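> Just passing along the structure, written as structure tokens.
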Amino acid sequence: AGESGHSISPRPKSQLLAPQACISANAAICTGAEKILSGRANVVIAGGTETFSDVPIRLTRPIRQKLITLPKAMKKGGVVGGLRHFAKGLKTKDLALETPAIANYTTGEVMGVSSDRLSAKFGISRVDQDEFTVRSHTKAAEAHAAGWYKGEVVPYKGSTEENGIKGDSTVESVSKLKPAFIKPHGTHTAANSSFLTDGASASLLMSEEKALELGFKPLAYLRDWSFRACDPFEELLLGPTYCSQEILSRSKLDMDTDIGVYEIHEAFAGQILSNLTAMNSQKFADDRFDGRKVGEVPMDKLNTKGGSLAVGHPFGATGSRLVTTAAKRLQDENQRFALVAACADGGLGHACILERYDG
């Protein structure tokens, strides 16, 4: 599927696409912020969309190559010549269709396999992952039942109910599923992996001065952000750890005393738990960050309204959802700073700092 992140200036004076896999919307938001800071825009709508229900299904490469050269063959030999050209050298398997595998272009490895290996490296058990999955569904169901998402989710056919949240999930029920990627002994299943879904999201950005001029009350300031790349072979989905370390150090903020809200993308339960483990590992800090540990993420401040495991993961849209939820939580919970982080295919990562707006 082709994920897209968009930055658009209203009454569009400009528009750009920021395709960056699972952090496309984050890239769009931060690019929009840079446009505003540089004076090249004063109001930006940034977000993304995904349509997994209608993914592009391709013909195989041999068939595509035949179709590209078919006009030339027909020009020389007519219909018969074209048919001969088309049939020559083709194998039965070439007649199949290619569905998207969501595999990394560099490694050829599906993200679920990479995450499963990462979880094994950091000692994340199947039970750990299933418990975290149930937590995500429970939190999401509770938030929706309490009306927390009212006004944030656009109704579809009159309803704002998410169709992937399973509030009645139990560790016992999800533990029955078989491994989906590394068989038969892997720990990642269809339950503890985020499901693919259609979705769209958008965030409205502007300077404080412009917001007040237009009669808006902001939710939060976007204070700092980071985009990093890490080893796609061994640390494909560990970007949140690297990016969080960078912006916390640069902003001179501490997890223990400063960050009150955490919204971290749940691509896989194993992926987010691996990142939490790496963030709080002194050995990892010694090896990667000159001894400065990122810190321990308190579970009572993390994804308290559910996450991607429960609400789904439309690649282009997730980043804006994370930012919106974090900004709203800052206001509701009277916290000063939020840390938003996400991983992406290609070994990419993102993190940003939001600060509650009190004006």
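Numbering (this note's numbering), first residue to last: -13 to 345. In this text, a Cβ means the ideal position worked out from N, Cα and C, and glycines have one as well. The model shown is predicted, which means the values in this text are computed figures rather than measured ones.
Once you ignore the five residues that flank threonine 173 on each side, which residues in its own chain have a CB closer than 8 angstroms to its CB?
The residue given as residue 173 occupies position 187 in the sequence shown. Contacts found: Asp102, Ser105, Ala106, Ile110, Ser111, Arg112, Gln115, Pro165 and Gly256.
> In the structure shown, what three-state DSSP assignment does phenylalanine 118 receive?
In the sequence shown, the residue the question calls residue 118 occupies position 132. Phenylalanine 118: helix per DSSP, three-state reduction.
> Just checking: is the beta-carbon of histidine 130 within a distance shorter than 8 angstroms of some beta-carbon in chain D?
Any reference to chain D falls outside this structure, which holds one protein chain only.
> Is it buried or exposed, arginine 342, if we count other Cβ atoms within 10 angstroms and call 16 or more buried?
For the purposes of this step, residue 342 is identified with residue 356 of the sequence shown, where counting begins at 1. Classification for arginine 342: buried.
> Going by the beta-carbon positions, is the gap between glycine 292 and alanine 129 smaller than 8 angstroms?
Position 306 of the sequence shown, counted from the start, is the residue given in the question as residue 292. Position 143 of the sequence shown, counted from the start, is the residue given in the question as residue 129. Judged by their CB atoms, glycine 292 and alanine 129 are nearer to each other than the 8 angstroms cut-off.
> Once DSSP output is grouped into helix, strand and coil, what is the label at lysine 84?
Locating residue 84 in the sequence shown gives position 98, where the first residue counts as 1. At residue 84 the sequence reads glutamate, which differs from the lysine that was named. Residue state, collapsed to three classes: strand.
> Do glutamate 252 and serine 180 count as a contact pair if the criterion is CB distance below 8 angstroms?
One-based indexing of the sequence shown puts residue 180 at position 194. One-based indexing of the sequence shown puts residue 252 at position 266. In contact: serine 180 and glutamate 252 (Cβ atoms closer than 8 angstroms).
> State yes or no: is the C-beta of alanine 303 within less than 8 angstroms of the C-beta of isoleucine 151?
Here residue 303 refers to the residue found at position 317 of the sequence shown. Here residue 151 refers to the residue found at position 165 of the sequence shown. It is not a contact, given that the beta carbons lie outside the stated cut-off.
> How would you call glutamate 282, buried or exposed, if buried means at least 16 neighbouring beta carbons within 10 angstroms?
For this step, residue 282 is matched to residue 296 along the sequence shown. By the neighbour-count rule (16 or more Cβ atoms within 10 Å), glutamate 282 is not buried but exposed.
> Counting only the same chain and skipping the five closest in sequence on each side, list residues whose C-beta sits under 7 angstroms from that of serine 294.
Position 308 of the sequence shown, counted from the start, is the residue given in the question as residue 294. Cβ within range, chain order: Ser180, His251, Glu252, Ala253 and Thr304.
> Here's the rule I'm using: 16 or more other beta-carbon atoms within 10 Å means buried, otherwise exposed. How should serine 187 be labelled?
In the sequence shown, residue 187 corresponds to position 201, counting from 1. Its Cβ being crowded by 16 or more others within 10 Å, serine 187 is buried.
> Taking only runs of the alpha helix (DSSP H) that begin and end inside the segment 46 to 85, which ones reach a length of at least 4 residues, in chain order?
47 to 73
> For tyrosine 248, which beta-bridge partners are listed by DSSP?
To locate residue 248, count along the sequence shown from 1; it is residue 262. Under the DSSP definition of a beta bridge, tyrosine 248 partners with Leu288 and Leu325.
> Just to confirm my understanding: we take threonine 263, look at its own chain, exclude 5 residues before and 5 after, and list those with CB closer than 6 angstroms. What are they?
As a working note, residue 263 is residue 277 in the sequence shown. Within the same chain, threonine 263 has close Cβ partners Phe108.
> Measure the alpha-carbon distance for lysine 314 versus lysine 58 and round it to whole angstroms.
The residue labelled residue 314 in the question sits at position 328 within the sequence shown. The residue labelled residue 58 in the question sits at position 72 within the sequence shown. Taking the straight line from one Cα to the other gives about 59 angstroms.
> Between which two residues does the beta strand (DSSP E) holding serine 24 run?
By 1-based counting over the sequence shown, the position of residue 24 is 38. No beta strand (DSSP E) holds serine 24; DSSP gives it neither H nor E.
> Could you pull the DSSP bridge partners for tyrosine 142 from this structure?
Locating residue 142 in the sequence shown gives position 156, counting from the first residue. In the DSSP output, where bridge partners are listed per residue, tyrosine 142 has Ser145.
> Between threonine 183 and methionine 60, what straight-line distance do the alpha-carbon atoms span, to the nearest angstrom?
Taking the sequence shown and counting its residues from 1, the one referred to as residue 183 is at position 197. Taking the sequence shown and counting its residues from 1, the one referred to as residue 60 is at position 74. Threonine 183 and methionine 60: Cα-Cα distance of roughly 42 angstroms.
> Helix, strand or coil: which one does DSSP assign to valine 99?
Counting from 1 along the sequence shown, the entry for residue 99 is found at position 113. DSSP places valine 99 in helix when its eight states are reduced to three.
> Ignoring anything shorter than 4 residues, give me the alpha helix (DSSP H) runs that lie fully in the segment 151 to 238, in order along the chain.
With a minimum length of 4 residues, the continuous alpha helix (DSSP H) runs that stay inside the segment 151 to 238 are 157 to 160, 194 to 199 and 225 to 237.
> With a Cβ-Cβ cutoff of 8 angstroms, do glycine 225 and histidine 336 count as a contact?
Taking the sequence shown and counting its residues from 1, the one referred to as residue 225 is at position 239. Taking the sequence shown and counting its residues from 1, the one referred to as residue 336 is at position 350. Taking 8 angstroms as the Cβ cut-off, glycine 225 and histidine 336 qualify as a contacting pair.
> Go ahead and pull the three-state DSSP assignment for threonine 35.
Position 49 of the sequence shown holds residue 35. Here threonine 35 sits in strand by DSSP.
> Are glycine 333 and leucine 163 closer than 8 angstroms when you measure CB to CB?
Taking the first residue of the sequence shown as position 1, residue 333 is located at position 347. Taking the first residue of the sequence shown as position 1, residue 163 is located at position 177. No. Outside cutoff.
> From leucine 239 to isoleucine 43, what distance separates their C-alpha atoms?
Residue numbering aside, residue 239 sits at position 253 when the sequence shown is read from its first letter. Residue numbering aside, residue 43 sits at position 57 when the sequence shown is read from its first letter. Cα to Cα, leucine 239 sits roughly 46 angstroms from isoleucine 43.
> I need the boundaries of the alpha helix (DSSP H) containing alanine 313, first residue and last residue.
Position 327 of the sequence shown, counted from the start, is the residue given in the question as residue 313. Residues 304 to 319.
> Reducing DSSP to helix, strand and coil, say where glutamate 20 ends up.
As a first step, residue 20 must be located in the sequence shown, where it is residue number 34. Of the three classes helix, strand and coil, the one that applies to glutamate 20 here is helix, per DSSP.
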